[in-house]
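Here the sequence shown is numbered in the working numbering, starting from 253 and rising by one per residue. Here a beta-carbon is modelled for each residue, glycine too, at the ideal position from N, C-alpha and C.
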Amino acid sequence: MLKLLVIGNGCSGIDSGGEVLVNSNTGSFLNELSNNFDISFLQKSKLLSYDSDLQNFQISSSNIKYVSLPDNGFQLRQLWIILKSVRSSEFIYLFWPGTVSKIAALLALAFGRKYALYVRGQFYSNGFVDELIIKRAKFLLTVSNSLKDSLANFNSNVDTIRPMIDIDIRSKKYYEKSRFAGDEIKLLFVGRVEVRKGVFDLLEAFNILIEHGVNASLTIIGGGSAISDIRYIVQKYSIENRVTIRGMIANRDELLNSYYAADAFVFPSHDEGFPRVLYESMSMRLPIFTTFVGGIPGLMEDQYNCMRIPVRNPIETARIVQEALMDSNKLELIGNNGYRTLEEYLDTHKAEHYDLVTRGILNEQGNK
């Protein structure tokens, strides 16, 4: 079988027993690829933190060879590991952007190895070198139509993957959910708890809502480097009785029940590709408040399937949310339109990520 090297731009977790774990969606994707390729997966590694990491796929349970890069800054040893891995592979698939992926792409160009990119975020190019790497890739895959259109300016062989969500969107349970039934409005955030996801903006906006007399609660789900910081801010604002910080929820049913219990989803992120949490919210008919960054405006439409909020502007965000909460019927309609948007999107994007990668690589092999 063809030797395929996949390079991630995240960080794998290593538990106390030395077991390597990765995100479940990434693990399933790699496992599917291993049916057709002799696959190695290279990514930085660190000790697993159960409070901040959503990694529950065991590499040892698959046919995937794992290549570890210590997560302690860039060193000559890391460069040597990347070099050996690139030279021993026949094709390289790179999660982009990322420092390790950039180095691997330049080495691939130097040694004549074919490669492709999975472009996940809006800041995919930072100058001439990045543009060269994108142009020379055999194909590009990305997460939204708007990113696809932007990338097509550099490389015409670009496609969009099907959203990686584990939800039956036609479940009658979610269809029959009635929101805004109680006196208290239940707001939800799911995502990495870090600055770039806008979680500090969210807390400031939520505090303004409470000061304005809005009867609301906020649940924050996700792990990240800023967990202790947001706990401090919650105490500073004296809103401990209004904010629940759940941390990471690894159990899928428990996470979906949190979406189900909420009245609205608030996502004030600063940069994105297209976040899976918006797909999950739409699948639950959950009204969404979101910034329009990265690939989000390619699918989301203000006042139709979401309410647009500004980036890094908690005061205006609070105003938009407060005004919208006064018309629950409109928000219910927005939630239903979000579901309809997702249904139509899935009907027109049927190719799974691993299918598109497999097809792209095999096409390149056929063009030798």
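- In the three-state reduction of the DSSP assignment, TYR345 falls in the strand class.
- In this structure the segment 454–469 touches the segment 428–445; the number of beta carbon pairs closer than 8 angstroms is three or more.
- According to DSSP, ASP554 shares a beta bridge with CYS558.
- Taken in chain order, the whole beta strand (DSSP E) runs of length 3 or more contained in the segment 318–392 are 343–348 and 366–371.
- Within the segment 462–490, the runs of beta strand (DSSP E) that reach at least 3 residues and sit entirely inside it are, in chain order, 468–473.
- Listed in chain order, the beta strand (DSSP E) runs fully inside the segment 265–289 are 272–274, counting runs of at least 3 residues.
- Remark: fewer than three beta-carbon pairs, one from each stretch, lie closer than 8 angstroms, so the segment 402–413 and the segment 579–591 are not flagged as touching.
- According to the DSSP assignment, ILE540 belongs to the beta strand (DSSP E) that extends over 540–542.
- Setting aside the 5 residues that flank it on each side, PHE375 is surrounded in the same chain by PRO349 and ASP523, each with a C-beta closer than 8 angstroms to its C-beta; the list follows chain order.
- A distance below 8 angstroms between beta-carbons, with the five flanking residues on each side excluded, links VAL486 to the following residues of its chain, in chain order: LEU455, GLU492, VAL495 and ILE497.
- DSSP places ILE613 inside the alpha helix (DSSP H), whose first and last residues are 605–618.
- Excluding five sequence positions before and after ASN565, the CB atoms of its chain that fall closer than 8 angstroms to its own CB belong to ASP453, given in chain order.
- With respect to TYR606, LEU285 sits close: the two C-beta atoms are nearer than 9 angstroms.
- Per DSSP, LEU439 lies in no alpha helix (DSSP H); the unbroken beta strand (DSSP E) holding it starts and ends at 437–442.
- Inter-residue distance for GLU446 and PHE519 is about 12 angstroms (C-alpha atoms, whole angstroms).
- Taking 9 angstroms as the cut-off, the Cβ atoms of GLU532 and LEU551 do not count as close.
- Excluding residues up to 5 positions away in sequence, ASP453, ALA457, PRO520, ILE561 and PRO562 lie with their Cβ nearer than 7 angstroms to the Cβ of THR569 in the same chain.
- When secondary structure is reduced to three states using DSSP, LEU299 falls in the strand class.
- Under the DSSP assignment, GLY590 falls in the alpha helix (DSSP H) whose first and last residues are 580–600.
- Close CB contacts of THR610 within its chain, under the 6 angstroms cut and outside five residues either way in sequence, are with ASN288 (chain order).
- Remark: C-beta atoms of VAL258 and TYR345 approach each other more closely than 9 angstroms.
- LYS255 is bridged by DSSP to ASP290.
- In this structure, the alpha-carbon of ARG414 lies about 42 angstroms from that of SER490.
- The three-state secondary structure of ALA513, taken from DSSP, is helix.
- Taking the C-beta atoms as reference points, PRO539 is found nearer than 9 angstroms to ARG431.
- The criterion of a C-beta distance shorter than 9 angstroms is not satisfied by ALA368 and GLY618.
- A direct Cα-Cα distance of roughly 44 angstroms separates GLY450 from MET253.
- Shown here, PHE458 sits in a helix according to DSSP, grouped into three states.
- Collapsing the DSSP output to three states places ASP505 in a helix.
- MET536 sits close to TYR511, with the two beta carbons spaced by under 9 angstroms.
- For ASP411, the enclosing beta strand (DSSP E) begins and ends at 410–412.
- Beta-bridge analysis with DSSP links ILE497 to ILE472.
- Rounded to the nearest angstrom, the Cβ distance from LEU361 to ARG388 is 6 angstroms, consistent with a contact under 8 angstroms.
- With contacts defined as CB atoms closer than 9 angstroms, PHE541 and PHE517 qualify as a contacting pair.
- When the five nearest sequence neighbours on each side are left out, the beta carbons in the same chain lying within less than 8 angstroms of the beta carbon of ILE355 are those of LEU331 and ILE334, in order along the chain.
- By the neighbour-count definition (other C-beta atoms within 10 Å, threshold 16), PHE363 is an exposed residue.
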